[in-house]
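*Asks:*
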Amino acid sequence: MDVRHLSLPELREVIRRGQYTGPTPGLAPGYAQANVVILPQKYAFDFLLFCFRNPKPCPLLDVTDVGSPVPRMVAPEADLRTDVPRYRIWENGVLKAEVTDIRDYWRDDLVGFLLGCSFTFEAALLEAGIPVRHIEEGCNVPMFVTNRPCTPAGVFHGPMVVSMRPIPQEQVVRAVQVTSRFPAVHGAPVHIGDPEALGIRDLAKPDFGDPVTIRPGEVPVFWACGVTPQAVAMSAKPEFMITHAPGHMFITDRKDEELAVL
Numbered sequence: 118m119d120v121r122h123l124s125l126p127e128l129r130e131v132i133r134r135g136q137y138t139g140p141t142p143g144l145a146p147g148y149a150q151a152n153v154v155i156l157p158q159k160y161a162f163d164f165l166l167f168c169f170r171n172p173k174p175c176p177l178l179d180v181t182d183v184g185s186p187v188p189r190m191v192a193p194e195a196d197l198r199t200d201v202p203r204y205r206i207w208e209n210g211v212l213k214a215e216v217t218d219i220r221d222y223w224r225d226d227l228v229g230f231l232l233g234c235s236f237t238f239e240a241a242l243l244e245a246g247i248p249v250r251h252i253e254e255g256c257n258v259p260m261f262v263t264n265r266p267c268t269p270a271g272v273f274h275g276p277m278v279v280s281m282r283p284i285p286q287e288q289v290v291r292a293v294q295v296t297s298r299f300p301a302v303h304g305a306p307v308h309i310g311d312p313e314a315l316g317i318r319d320l321a322k323p324d325f326g327d328p329v330t331i332r333p334g335e336v337p338v339f340w341a342c343g344v345t346p347q348a349v350a351m352s353a354k355p356e357f358m359i360t361h362a363p364g365h366m367f368i369t370d371r372k373d374e375e376l377a378v379l
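For the sequence shown, the residue numbers in the numbering used here are 118 to 379.
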């Protein structure tokens with residue numbers, strides 16, 4: 118199904134029906150996308166503290182009431198159980214399943230966290246004339262686990278994950294300026310250039326997402342990524358956790374520019 122030209126209500130409905138289960142870069146342009154983390158209440162404070170201590174990879178947009186699947190601050194008519202194209206189910210740090218609907222997994226003690234996503238600032242990059250390669254190539258953004266540890270909080274600890282976009286050398290400064298306006302969705306890059314400085318050996322082999330073409334004269338630019346909690350889950354091993362599948366985001370009712378700063 119070609120969903121690129123659907124309005125947000127239309128897109129959310131086809132996702133809810135399971136008619137679209139693919140990645141979300143470039144969809145519902147103008148609306149902010151979000152990473153999803155759902156945890157039992159007993160882990161909620163620790164994860165909230167983890168987000169507070171690691172705002173670059175985990176910029177918090179909303180937290181649901183205990184047992185409620187409704188993100189009231191960013192999409193009060195939505196349902197986190199059905200409105201993400203693809204979910205991951207984790208048990209004790211092990212990926213157990215990938216599904217398109219989590220109603221069968223929902224519990225009364227669950228708390229949902231919505232974290233800012235760098236897909237949100239991609240429209241601003243495109244408006245500035247800066248290419249976004251994974252959108253051009255119709256694939257998912259490449260994501261890599263780095264050698265940079267997050268600041269621990271309670272039971273949560275682990276490495277930061279980054280997303281990578283190749284940027285023409287002469288446009289790197291402009292890309293930094295554009296994305297710096299969006300601190301609620303990861304903001305400015307955390308690294309520019311040499312991937313080995315982040316412990317990344319091969320840009321053609323991302324840990325999540327898809328490889329993209331890097332053309333002559335382009336520089337790899339790395340932004341903190343909301344897939345970080347999935348790497349943290351593998352390290353901290355909470356007994357139960359639900360996340361979005363990498364690149365398959367929840368699309369909020371918030372406009373991109375609402376999350377920008379002057």
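Where is the CB? At the ideal position from N, CA and C, for every residue including glycine.
Thinking residue 176 and residue 364 are a contact (beta carbons under 8 Å), I'd like their distance in whole angstroms, please.
*Replies:* With a Cβ gap of about 18 Å, residue 176 and residue 364 do not count as contacting.
*Asks:* Keeping to the same chain, check which residues put their C-beta closer than 6 Å to that of residue 298; ignore five residues upstream and five downstream.
*Replies:* If we look at residue 298 and ignore the five residues flanking it on each side, its Cβ neighbours are 377 and 378.
*Asks:* Does the stretch 270-280 come close enough to the stretch 165-174 to have 3 or more Cβ pairs within less than 8 Å?
*Replies:* At 8 Å Cβ cutoff, the stretches touch.
*Asks:* Would you call the stretch 203-213 and the stretch 346-364 touching, i.e. three or more CB-CB distances under 8 Å?
*Replies:* Contact between the stretch 203-213 and the stretch 346-364 is present, because at least three Cβ pairs lie under 8 Å.
*Asks:* For residue 366, which of helix, strand or coil comes out of DSSP?
*Replies:* If DSSP states are grouped into helix, strand and coil, residue 366 belongs with coil.
*Asks:* My parser needs the beta strand (DSSP E) runs of 3 or more residues fully inside the stretch 274-331; what are they?
*Replies:* Here the runs fully enclosed are 276-285.
*Asks:* How long is the line joining the alpha carbons of residue 144 and residue 339, rounded to whole angstroms?
*Replies:* Answer to the nearest angstrom: the Cα atoms are 22 Å apart.
*Asks:* Contact defined as beta carbons within less than 8 Å: I believe residue 256 pairs with residue 366. What is the distance between those atoms, to the nearest angstrom?
*Replies:* The pair is not a contact, with the Cβ atoms about 15 Å apart (cut-off 8 Å).
*Asks:* Are the Cβ atoms of residue 259 and residue 329 separated by less than 7 Å?
*Replies:* Closer than 7 Å, so yes.
*Asks:* On the three-state DSSP scale, how would you describe residue 345?
*Replies:* In the structure shown, residue 345 sits in a helix (DSSP, three-state: H, G or I).
*Asks:* How many Å lie between residue 341 and residue 227 at the Cα?
*Replies:* Roughly 26 Å separates the two Cα atoms.
*Asks:* Does the Cβ-Cβ distance between residue 236 and residue 150 come in under 7 Å?
*Replies:* Yes, Cβ-Cβ distance for residue 236 and residue 150 is below 7 Å.
*Asks:* Would you mind sorting residue 179 into buried or exposed? The rule is 16 or more other CB atoms within 10 Å of its CB.
*Replies:* Residue 179 is buried by the Cβ-count criterion.
*Asks:* By DSSP, does residue 377 sit in helix, in strand, or in coil?
*Replies:* In the structure shown, residue 377 sits in coil (DSSP, three-state: anything other than H, G, I, E or B).
*Asks:* Could you have a look at residue 219 and say whether DSSP puts it in helix, strand or coil?
*Replies:* Correct three-state label for residue 219: coil.
*Asks:* Output yes or no for whether 7 Å exceeds the beta carbon distance between residue 279 and residue 263.
*Replies:* In this structure, residue 263 lies closer than 7 Å to residue 279 by Cβ.
*Asks:* Find out if the Cβ-Cβ distance for the pair residue 154, residue 238 is shorter than 7 Å.
*Replies:* Contact: no.
*Asks:* Would you mind reading off the limits of the beta strand (DSSP E) that contains residue 266?
*Replies:* Start and end: 260-266.
*Asks:* Please report the straight-line C-alpha distance between residue 318 and residue 124, rounded to a whole angstrom.
*Replies:* One C-alpha to the other measures close to 40 Å.
*Asks:* Flag this pair as yes or no: are the beta carbons of residue 300 and residue 335 separated by less than 7 Å?
*Replies:* No, they are not a contact pair.
*Asks:* Could you give the DSSP three-state label for residue 197: helix, strand or coil?
*Replies:* Residue state, collapsed to three classes: coil.
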